[in-house]
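Presented below is the structure to which this report refers.
Chains as they are written, first to last, in the working numbering: chain A, 41 to 389; chain B, 5 to 329.
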């Protein structure tokens, strides 16, 4: 940490000053996501959350760093590993938990579940369940900004598992061809479900995957929130300047399996421990803040207790909600329901 | 004014693009080439390259682009050169466009039109000559529209562009050159409304797209044989105007459905099922389905002709339905 020193109330790092409040916000936000995901895992174990549930433990710096570097008016969309991103974006955590539980107050009214978190008020466009599907959709958001010249950037997030889907390259090509303001972010957590990057990709340096489309690439440590946030700002500035898209490879790791049903036997305990203990983004920021005299181990313990308590209260509040009204079954299929649009509605009532 | 089916579509797009700045047209060869089938003739000159965009050959990608742009508030018209190529884009049509509204709890709408030529074409073999409307009409969240004549083409396309949900608009490749009277100006045909193209009292023939013309020709022949056929064009496959169909069946008591597509779970199967469910007592004979043969399309002229329903097939079916065969 030679390039980092305490200055005033904050940390100066490679010419960027992070104030005390910002640092605490980044830390608390990452820790909140960690504890929220742990709670979600627990609720899944209790069979209160059903279906697929993809947790992002270990990847919190990417979620939080992205949000920190992005304007509220910028568009963001991602895959089904979406809890951390929607929480970092500032959506109501009780609504997110209620969605996981399939409750009335869920962020999409209980109609989406874990994989389909949407919050249009935060310009968060999902929560998309088919691997790579969000990339052409993100292309469309970027296109809308080009069409309207509205100065917005689209952050289109995908996992390393999506990087071999054709839709991704169709999108890279058009984004570059028309110089659309898009930052493609690949969360390289090393595994596409149970298949390691090396077993699936001929070119494992994923930031190079845009080269044949003239898209510049950046490889960023996604386990260091300050580093990630700073580099993301550069990437976003590039996209916003009208120079076209840019591809960011965020090196990260998921501590849990692909989804709750995956025991992750395809990797060694030692490998997981190496990331968890050596590179954990929360522990890393904590160490930096302690060194800068902005917090102590005890103050972090207190923060953790507070966050855990908050998450428990959120889960309780979400669980107390009823399931969606039965009438919700037939809403939101069409914008303006017209006669005959629901031919079989009378078959179930 | 008498114009072609393709000019009617062109007129609809131009009028809607003039009316609404959010509407844009995107697809392969739509701009500088003026459209593979010349449907977008002159639109680039009128509206410029921001609103009329040539894409690379990349159906999945630009279909998804349309979905995202629609979610962001624009009103894309995405042209597939033909619907055969839209199979590459089905993930975006079915998994994204159709479901986005529901999955997002109503937060995101997808007001867009996927349009292009469908149906069996002429001498282009199995991959370029097929009817897939039953696949798409199966999906809640989509609307499926298939105009059979120039006036309907204009009125339905304008309604589709103004619709707040994704509309699958399947034109007919062979009908593009058809000429007929088309109302000028703001002519809108609401989606979900069938049209009785010919009234009759003996048998109801339900046919869409190019088969509507075949059904009308069959009705003329049948008239010479003393059978008075009613011809109904649903125009919109989903939502299907079953009210109009059931009202007709209540009068004629006999039904023939006609479609170019394959028989298995086809549009005729759906119509027959609904009549069975809601109009069973009105039937004096089983519903007869005239469909494309259950084979891929062949190239040879004789085999191709055998694959698609003919006017004679429809006449024969109507005679059987009326117990005159």
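A virtual CB, placed ideally from N, CA and C, is assigned to each residue, including glycine.
Limits of the unbroken alpha helix (DSSP H) element including residue i
i              : result
residue 215(B) : 214-228
residue 280(B) : 271-283
residue 51(A)  : No alpha helix (DSSP H) holds residue 51(A); the beta strand (DSSP E) holding it covers 50-53.
residue 306(B) : 305-311
residue 237(B) : From DSSP, residue 237(B) is part of no alpha helix (DSSP H) but of the beta strand (DSSP E) over 233-237.
residue 276(A) : 265-280
residue 315(B) : 315-325
Bridge partner(s) assigned by DSSP for residue i
i              : result
residue 231(A) : 236(A)
residue 30(B)  : 57(B) and 82(B)
residue 259(A) : 289(A)
residue 365(A) : BP columns for residue 365(A) are empty, so no partner.
residue 174(B) : 120(B)
residue 181(A) : Answer is none; residue 181(A) lacks a bridge partner.
residue 185(B) : 6(B)
Chain A within 8 angstroms of residue i, Cβ atoms only
i              : result
residue 7(B)   : no
residue 75(B)  : yes
residue 59(B)  : yes
residue 54(B)  : yes
residue 105(B) : yes
residue 28(B)  : yes
residue 100(B) : yes
residue 208(B) : no
residue 213(B) : no
residue 283(B) : no
residue 246(B) : yes
residue 112(B) : yes
residue 1(B)   : Not covered by the structure: residue 1(B). The range shown for chain B is 5 to 329.
Range covered by the beta strand (DSSP E) that runs through residue i
i              : result
residue 144(B) : Counting along the chain, residue 144(B) falls outside any beta strand (DSSP E), and DSSP gives it neither H nor E.
residue 118(A) : 115-118
residue 196(A) : 194-199
residue 202(B) : 199-202
CB contact below 8 angstroms: residue i versus chain B
i              : result
residue 207(A) : yes
residue 379(A) : yes
residue 248(A) : no
residue 383(A) : yes
residue 356(A) : no
residue 151(A) : yes
residue 371(A) : yes
residue 310(A) : no
residue 282(A) : no
residue 165(A) : yes
residue 251(A) : no
residue 42(A)  : Per-residue confidence for residue 42(A) stands at a pLDDT of 45, beneath the threshold of 50, marking its modelled position as unreliable; no derived number is given.
residue 388(A) : Only weak support is given to the placement of residue 388(A): the predicted model assigns it a pLDDT of 42, under 50, and the value that follows is read from those uncertain coordinates. Not an interface residue.
Alpha-carbon spacing of residue i relative to residue j, whole angstroms
i              : j              : result
residue 288(B) : residue 257(B) : 5 angstroms
residue 191(B) : residue 179(B) : 20 angstroms
residue 215(A) : residue 179(A) : 6 angstroms
residue 23(B)  : residue 198(B) : 26 angstroms
residue 78(B)  : residue 62(A)  : 36 angstroms
residue 91(A)  : residue 223(B) : 54 angstroms
residue 304(B) : residue 215(B) : 21 angstroms
residue 58(A)  : residue 175(A) : 32 angstroms
residue 209(B) : residue 295(B) : 13 angstroms
residue 315(B) : residue 203(A) : 51 angstroms
residue 19(B)  : residue 318(B) : 37 angstroms
residue 260(A) : residue 37(B)  : 43 angstroms
residue 67(A)  : residue 114(B) : 37 angstroms
residue 49(A)  : residue 335(A) : 11 angstroms
residue 141(A) : residue 158(B) : 47 angstroms
residue 217(B) : residue 322(B) : 15 angstroms
residue 132(A) : residue 70(A)  : 15 angstroms
residue 349(A) : residue 102(A) : 24 angstroms
residue 169(A) : residue 285(B) : 45 angstroms
residue 277(A) : residue 177(A) : 21 angstroms
residue 17(B)  : residue 155(A) : 37 angstroms
residue 332(A) : residue 78(A)  : 29 angstroms
Supposed close pair residue i, residue j - CB separation, criterion 8 angstroms
i              : j              : result
residue 262(B) : residue 207(B) : About 12 angstroms; that fails the 8 angstroms criterion.
residue 58(B)  : residue 35(B)  : 4 angstroms
residue 64(B)  : residue 165(A) : With 8 angstroms as the limit, residue 64(B) and residue 165(A) do not qualify as a contact, their Cβ atoms being about 18 angstroms apart.
residue 137(A) : residue 360(A) : Between residue 360(A) and residue 137(A) the Cβ distance is about 11 angstroms, and since that is not below 8 angstroms, they are no contact.
residue 229(A) : residue 308(A) : Wrong, their Cβ atoms sit about 16 angstroms apart, outside the cutoff.
residue 156(B) : residue 97(B)  : Rounded, the Cβ-Cβ distance is 23 angstroms, inconsistent with contact.
residue 150(B) : residue 241(B) : 6 angstroms
Chain-ordered chain D contacts of residue i [CB-CB under 8 angstroms]
i              : result
residue 213(A) : The chain inventory of the structure shown lacks chain D, comprising the protein chains A and B.
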